[in-house]
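This report refers to the structure that appears directly beneath it.
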Amino acid sequence: MAQIQTLAVKSDCREVLINITRSVTNAVTASGVTDGVAYVYCPHTTGAITIQEAADPDVALDISHTLTGLVPLDAGYRHAEGNSDAHVKASLVGSSDMIPIDGGRLCLGTWQGIFFCEFDGPRNRKVLIKVLEG
Amino acid sequence: MAQIQTLAVKSDCREVLINITRSVTNAVTASGVTDGVAYVYCPHTTGAITIQEAADPDVALDISHTLTGLVPLDAGYRHAEGNSDAHVKASLVGSSDMIPIDGGRLCLGTWQGIFFCEFDGPRNRKVLIKVLEG
Amino acid sequence: MAQIQTLAVKSDCREVLINITRSVTNAVTASGVTDGVAYVYCPHTTGAITIQEAADPDVALDISHTLTGLVPLDAGYRHAEGNSDAHVKASLVGSSDMIPIDGGRLCLGTWQGIFFCEFDGPRNRKVLIKVLEG
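Pasting the structure below:
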């Protein structure tokens, strides 16, 4: 059994996609699991996980800007904390992702990286990594 | 091996997010699994699963209202049953979610709860819960 | 341990949802796993996986058209390859899905099918299928 590992992720603005691929790769190596599945889980309700192109940072910016266009900061929301947009974006993108593991390697495609999506920063966040063998 | 468990969920309006956290917690306890992963799966094409803030019910209302703004009930859809909006919302939110289990406890964040999203109610629905050990 | 299986999927237009349910079912049978979880993973950053109604092909068309309305092809994106819309759609729909397996059978609902979503075709794509027992 592989223990859950916790990453610390720090955002320095309200909305940003942070590439955590290397940390997830290291966690999988540390788990000792060579075949199975890696799960990346966000325990926050205004953050999310996505797997996207990591080669050109403009892709992450386009995603962030497009989401803000679709779900504006102010739109007559009921929730009084002023961050309802962040909650909606988090539900659209999703709180977790999985990646198959083969021969000790994450089966990411050529252009794929794993991103923590901050929608209500700046904040100190945690990301959980769980590995199942099989 | 933990058997799949089935929850009955009843919605009483067309669109509503229903907090099923307690039922999922009970299913994990019943499984006897102390370390692994819990999956919450919606076998319906006009419903979905999301993990979101459970403290303030206004967050769930804001999510529902925002989705309806993005994907209106009537928009010249081809599907003749009058619920295409619900299908689109279901694909945006997603049919399942996973939560790591540590020491018999779901690793939900402080503010997180698990919600069944009804997009074409009122209906009687099922949610499947599967637990993997490891 | 069940080896990862790879499906070849060919799209013949820019945007299309392709039903891969039969191939996933065959992969689960080939794995020999009778109880566990099947994961369907897209290793591409302009494609995605969704579980949706497979009975009426108009549902898939409505989803594709609605996504294009929400995330237009041209919207002043920064990424210079002209396919930022496809990246955004991929993050909204998600790179993978899971389905519980019970008695050798995928626990899909009556109307559910598994779809590869092409957002930047036509292309030759791969979809990975991983099965965990338990």
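Residue numbers (my numbering), protein chains in the order written: chain W, 209 to 342; chain S, 209 to 342; chain G, 209 to 342.
All residues carry an ideal CB built from backbone N, CA and C; glycine is no exception.
For a Cβ distance threshold of 9 Å, residue set Thr258, Ile259, Val301, Gly302, Asp305 of chain W lies close to glycine 302 (chain G), ordered along the chain. With contacts defined as CB atoms closer than 8 Å, threonine 242 (chain W) and glycine 342 (chain W) fail to qualify as a contacting pair. The Cβ of glutamine 320 (chain G) sits closer than 8 Å to at least one Cβ of chain S. Between glycine 302 (chain G) and the set G:Leu340, G:Asp220, G:Thr258, G:Tyr285, the nearest pair of CA atoms involves G:Thr258. About 19 Å separates the Cβ atoms of valine 267 (chain W) and valine 279 (chain W), ruling out a contact at the 8 Å cut-off. Within the same chain, and ignoring the five residues on either side of cysteine 250 (chain G) in sequence, the residues whose Cβ sits closer than 7 Å to its Cβ are Ala256, Ile257, Ser303, Ser304, Phe324, Val335. Distance from serine 272 (chain S) to glutamate 223 (chain S) at the Cβ level is roughly 5 Å; contact confirmed, criterion being Cβ atoms closer than 8 Å.
For glutamate 341 (chain W), the chain S residues whose C-beta falls within less than 8 Å of its own C-beta are Gly342, listed in chain order. Residue-level contact check: cysteine 250 (chain G) does not touch chain S, since none of the beta carbons of chain S fall below 8 Å from its beta carbon. Relative to isoleucine 322 (chain S), the option among S:Ala210, S:Lys218, S:Asp220, S:Thr233 whose CA is nearest is S:Thr233. Contact between methionine 306 (chain W) and valine 245 (chain W) is confirmed by a C-beta separation of about 5 Å, below the 8 Å threshold.
Between the alpha carbons of glutamine 260 (chain W) and leucine 300 (chain G) lies a gap of roughly 11 Å. Comparing alpha-carbon positions, the option among S:Thr214, S:Ser219, S:Thr229, S:Asp220 lying closest to glycine 317 (chain S) turns out to be S:Thr229. For leucine 278 (chain S), the uninterrupted alpha helix (DSSP H) segment begins and ends at 265 to 278.
Within its own chain, the residues whose Cβ lies closer than 6 Å to the Cβ of aspartate 220 (chain S), once the five positions on either side in sequence are excluded, are Pro330, listed in chain order.
Cα atoms of alanine 210 (chain S) and isoleucine 337 (chain W): separation of roughly 22 Å, rounded to the nearest angstrom. Between the alpha carbons of arginine 286 (chain W) and valine 236 (chain S) lies a gap of roughly 33 Å.
Listed along the chain, the chain S residues whose CB falls inside 9 Å of the CB of valine 232 (chain G) amount to none; the nearest CB is some 14 Å away. Residues of chain S whose Cβ lies closer than 8 Å to the Cβ of aspartate 282 (chain G) do not exist; the shortest such Cβ separation is about 19 Å. The alpha carbon of glycine 290 (chain S) has as its nearest neighbour, out of S:Gln213, S:Thr254, S:Asn332, the alpha carbon of S:Thr254. Below the 7 Å Cβ cutoff, chain G contributes Val245, Pro308 as neighbours of lysine 338 (chain S), in chain order. Interface with chain G (8 Å Cβ-Cβ cutoff): arginine 286 (chain S) is included. In summary, leucine 225 (chain S) is buried, with 16 or more beta-carbon neighbours lying within 10 Å of its beta-carbon over all protein chains present. The alpha-carbon separation between alanine 294 (chain G) and aspartate 328 (chain S) amounts to approximately 28 Å. Taking 8 Å as the cut-off, the beta carbon of leucine 340 (chain W) is found closer than this to the beta carbon of leucine 340 (chain S). The C-alpha of glycine 277 (chain W) lies about 23 Å from the C-alpha of glutamate 326 (chain G). Taking C-alpha positions only, serine 239 (chain S) is separated from aspartate 270 (chain W) by approximately 43 Å.
Contact with chain G is found for threonine 274 (chain W), since one of that chain's Cβ atoms lies less than 8 Å from the residue's Cβ. Approximately 11 Å separates the beta-carbon atoms of asparagine 227 (chain G) and alanine 263 (chain G); this is outside 8 Å, ruling out the contact. Residue S:His252 holds the alpha-carbon nearest to the alpha-carbon of asparagine 332 (chain S) among S:His252, S:Pro265, S:Val248, S:Gln213. Per DSSP, valine 236 (chain G) has no beta-bridge partner at all. DSSP places serine 292 (chain G) inside the alpha helix (DSSP H), whose first and last residues are 292 to 301. For arginine 286 (chain S), the three-state secondary structure derived from DSSP is coil. Interface with chain S (8 Å Cβ-Cβ cutoff): isoleucine 212 (chain W) is included. Judged by DSSP in its simplified three-state form, serine 304 (chain S) adopts strand.
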